[in-house]
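Take 36 as the starting number for the sequence shown in our numbering and just add one per residue.
Note that the Cβ used here is the ideal one computed from N, Cα and C, for glycine as well.
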Amino acid sequence: GRWYRCTGAGTVDTTDINDLGVMGGSGDATFEAFPGERLIGTEYFAFNRILDVKDVALVSARIKEIHSWAQYKCRQAADINDDINGDAWGTVNGNIALAFTTFVGDMLHTARGVFIDGYNANDTPNITFWDIEVDTGGVNVTTLYPLSSVDHQFPFISYGNINFSSNFTDEVDATTRFTMYFQYITSTACTGVKISGSAGASAVIDYTGDAGKLDHLLTNDYLRITGFTTESGNNGLWKCTGDPSTNTIAADKVDGVNPTDEAIGDACTVLENPFESPGAIIVDDETDTDIDAEIDASSIPFSFKYTTNVQGGRTADSNAEVIVVALAYDGAQYTIVNHTITKTTGQTITVNGIDELNYEDVV
């Protein structure tokens, strides 16, 4: 929820508590938005000391600079408090102020109740913020130092660049395209998949020998199954026509090869909504926008919400197997590149296209 501070004593009821900014109940207390709240990921947390570390040119500071600057402030005999929000701190001489930051290894930790505004985004994975836990102690009435605190980090964002060969970049932008897809949403290894009730393209996939392993599938999911040896025609692309029921799922074969009953059960790999199926999913960047655009530069940055991306039901905080597809109308052939997005920054995907030899402009 959001954070507020009381500006006028009075009463609140249950309706008021649900939204102190509106006070839609019968209470008569007054509140205002708490200026120390900050959004970390998808949740707001409270802080009562804010370091604004952008310089006069609005250049964001790196963590070593932040720590050095904070230590410098704590050596000053003069007031270091801007007090722009009227937060009751008053005059705070630096040499008697509580410390702001410390390093643990290469990770910058704030003191309790301290948040940093204006840090360089490249340092996001390297800062831990310690909040105010109001319901478990609040703050010291004299120092206003939080009595209890919990550490928080922003969800990790993976960053990288997609580098394109010249036969992509030499093409007119509007006739080029690149798209990043998940290779699959889930990959499940099964030891005894059976096929029953086959009729035309329809059949039942039976995974009783791997109880529960495919229960995450849903109606209209596409599956690429490999590993059938007894009836190899059962390998290929399927579409689920129902939800799982007692370790079975109804499905249609959609690659033109009809299924055949198989009672023995083979060890198979089942890919959910794989690349080159109608269920394939385009990867979203950190703004939840599809990674899908014209090739307008030789190096195009990409981002991925590693900690929180759950597109299509994938597991958050796990590596993502992706495929970059690129095409230039008459410059480069359809090109596919595999990549694994990991929990790192500075990743590179190189897309080298083969010259398009078959295009002829008849105009």
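Using DSSP with H/G/I as helix, E/B as strand and the rest coil, what is residue i?
i	result
residue 301	strand
residue 279	coil
residue 163	strand
residue 293	coil
residue 228	strand
residue 351	coil
residue 208	helix
residue 195	strand
residue 188	coil
residue 345	coil
residue 95	coil
residue 222	strand
residue 319	strand
residue 390	strand
residue 158	helix
residue 312	coil
residue 268	helix
Name the one or two DSSP bridge partners that residue i has.
i	result
residue 142	139
residue 84	149
residue 58	Beta-bridge pairing links residue 58 to no other residue.
residue 174	181
residue 258	273, 307
residue 127	According to DSSP, which records beta bridges pairwise, residue 127 is partnered with nothing at all.
residue 233	The partner list for residue 233 (beta bridge, DSSP) is empty, contrary to what the question assumes.
residue 288	273
residue 245	Paired residues: none, contrary to the question.
residue 114	128
Locate the alpha helix (DSSP H) running through residue i, then write down its first and last residues.
i	result
residue 104	98-108
residue 52	49-53
residue 204	201-204
With C-beta atoms as the reference, is residue i less than 9 Å away from residue j?
i	j	result
residue 60	residue 47	yes
residue 143	residue 101	yes
residue 309	residue 259	yes
residue 372	residue 300	no
residue 193	residue 343	no
residue 305	residue 233	no
residue 240	residue 197	no
residue 362	residue 163	no
residue 207	residue 153	no
residue 359	residue 386	yes
residue 202	residue 367	yes
residue 355	residue 339	yes
residue 288	residue 236	yes
residue 307	residue 257	yes
residue 243	residue 282	yes
residue 245	residue 275	no
residue 195	residue 69	no
residue 312	residue 272	yes
residue 85	residue 151	yes
Determine the extent of the beta strand (DSSP E) in which residue i is found, giving its start and end residues.
i	result
residue 335	334-340
residue 216	211-217
residue 237	237-241
residue 370	367-376
residue 356	355-363
residue 326	Careful: residue 326 lies outside any beta strand (DSSP E) and carries neither H nor E.
residue 77	No beta strand (DSSP E) contains residue 77, which DSSP labels as neither H nor E.
residue 154	Here residue 154 belongs to no beta strand (DSSP E), and DSSP marks it neither H nor E.
residue 66	65-68
residue 40	39-43
residue 385	382-386
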